[in-house]
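In what follows, a single structure is set out as structure tokens and then discussed.
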Amino acid sequence: MAAAELGEVLSAPFDPLLLVDASGVLTTINRAAELQLGLNSQVGQRAEQIAAIAPIFEALSAPPTTGGGPIWAASNGHSYRVLTTTTPAHGLLICLRDVSDLQQLGSAVEDFMHVVSHDLRTPLTALKSYAEMLVEGDFGTLQPEQQTAMEKLTISIYGMVALVNNLQAADRFDPKRGRYGIQYTMLDLTDLLRRILEDQQLPAELHKVRLELDIDPSLPIVRADQLMLERALANLVDNAIKFSPEGTTIRVEVKADGTNVMFAVRDHGPGIAPEDQTRIFERSVRVEHPGQKRVRGSGLGLYVVKTVAERHGGSVWVESALGQGSSFFLRLPVRAEAATG
Ligand code: ADP
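Each residue of the sequence shown is one higher than the last, beginning at -4 in my numbering.
Now the structure itself:
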């Protein structure tokens, strides 16, 4: 296709389009690029030296992001997703997709989730305490039907608390958009784990599973963020309880060598197929277990665990086989320095 014809095709007034030839010269732009980026006289110059578009090339050299291309916040107030393709005859075609509206919508949803999860906390804490007292007989022995109903209610309330905690954590801990600044303190992991298991004792009893703790006696004091670590471990234990069949035991282990501290949460649940073992850590990914009763969940729990691991410079993974239970591992550097702050 001749350059003039190509220019005509590209002049459609949608997303800004830029064509950069093999020697790095901006050869063609469309009308949207002219109007939105104020380009025109610069055609024929080296693209990376044109101030209005030079940051695009920095964005393109950054590590790849999800969603197809990096986001460029242009000086005209718009945010563009930078999409590229290379054609042998004409060089690099850059398409700038305006995602400003989507970004605004995204942050409105985030603000909404933030307010909702924050405001649900107080009434849920009250509901949880009363449910615990009722189910444990603090107000007198309940009739068998009342006891069964209260047990179901208490399990649901624990589910709501976990959901609200995860909505908040997934939002705040996010390394790019989160508002949570990691706070390192020296942590006694024995205390921390005992507290987490104590909190999960009632749900474990209601699900008729046992919790077992195995702590390496020579565990060092570890530098980590307490809230983040609590949320991560609580999620692993909560999942193990949810997915375990009645009568089984969940084992929580922690040990350390000179470099790392390693937590393991092992259950006798349905197990996880090899093809799902990586994607379950992605945000909002849930996997049904055929033949099992439906288990509540949001798909946020393991994403929170992964975020916590990565922000500590650590990692999380699962070892599992269908029908053989699962072991989740969380490894953190003993002197965890911030990976992304
Ligand atoms: P949720 O539990 O809210 O669905 P998670 O992110 O915590 O979200 O878990 C994602 C998926 O990983 C779950 O839907 C489930 O299929 C699987 N999963 C997590 N923990 C276990 C476990 N201990 N045993 C079996 N499957 C699990």
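For glycine and all other residues, C-beta sits at the position ideal for the given N, C-alpha and C.
For clarity, every value in this text was computed on a predicted model and none was experimentally measured.
Problem - Exposed unless 16 or more other CB atoms sit within 10 angstroms - verdict on Arg261 - result: buried
Problem - Distance between Leu100 and Ser293 (C-alpha atoms, nearest Å) - result: 21 Å
Practice task
In angstroms with no decimal places, state the Cα-to-Cα distance between Leu182 and Gly176.
Solution key: 17 Å
Exercise for the section: Give me the Cα-Cα distance between Gln37 and Leu21, rounded to the nearest whole angstrom. Expected result: 8 Å
Problem - Met128 burial status per 10 Å Cβ neighbour count (16 or more: buried) - result: exposed
Exercise for the section: Report whether the distance from the Cβ of Gly264 to the nearest heavy atom of ligand 1 is below 8 Å. Expected result: yes
Practice task
Tell me where the alpha helix (DSSP H) around Pro328 begins and ends.
Solution key: That residue, Pro328, is in no alpha helix (DSSP H); its beta strand (DSSP E) goes 321 to 328.
Exercise for the section: Would you grab the beta carbon distance between Arg205 and Ile245 for me? Rounded to a whole angstrom, and I think it's under 8 Å. Expected result: 7 Å
Exercise for the section: Provide the residue(s) that pair with Thr79 in DSSP beta bridges, ordered along the chain. Expected result: Ile89
Handout entry: Residue nearest to Arg278 in terms of C-alpha spacing, selected from Val299, Pro212, Ser315, Ala229
Key = Val299
Practice task
State the DSSP-derived secondary structure class of Lys171, mapped to helix, strand or coil.
Solution key: coil
Handout entry: Helix, strand or coil at Ser239 according to DSSP, with G and I counted as helix
Key = coil
Practice task
Have a look at the DSSP bridge pairing and note the partners of Leu301.
Solution key: A small correction: the amino acid at residue 301 is Lys; Leu does not occupy that position in the sequence shown. Beta-bridge pairing links Lys301 to no other residue.
Handout entry: Rounded straight-line distance, which links the Cα of Gly309 to that of Thr335
Key = Bear in mind that the predicted position of Thr335 carries a pLDDT of just 47, short of 50, making it unreliable; the figure below should be weighed with that in mind. Answer to the nearest angstrom: the Cα atoms are 11 Å apart.
Exercise for the section: With hydrogens ignored, establish whether the beta-carbon of Asn25 is closer than 8 Å to any heavy atom of ligand 1. Expected result: no
Problem - DSSP three-state assignment for Leu214, whether helix, strand or coil - result: coil
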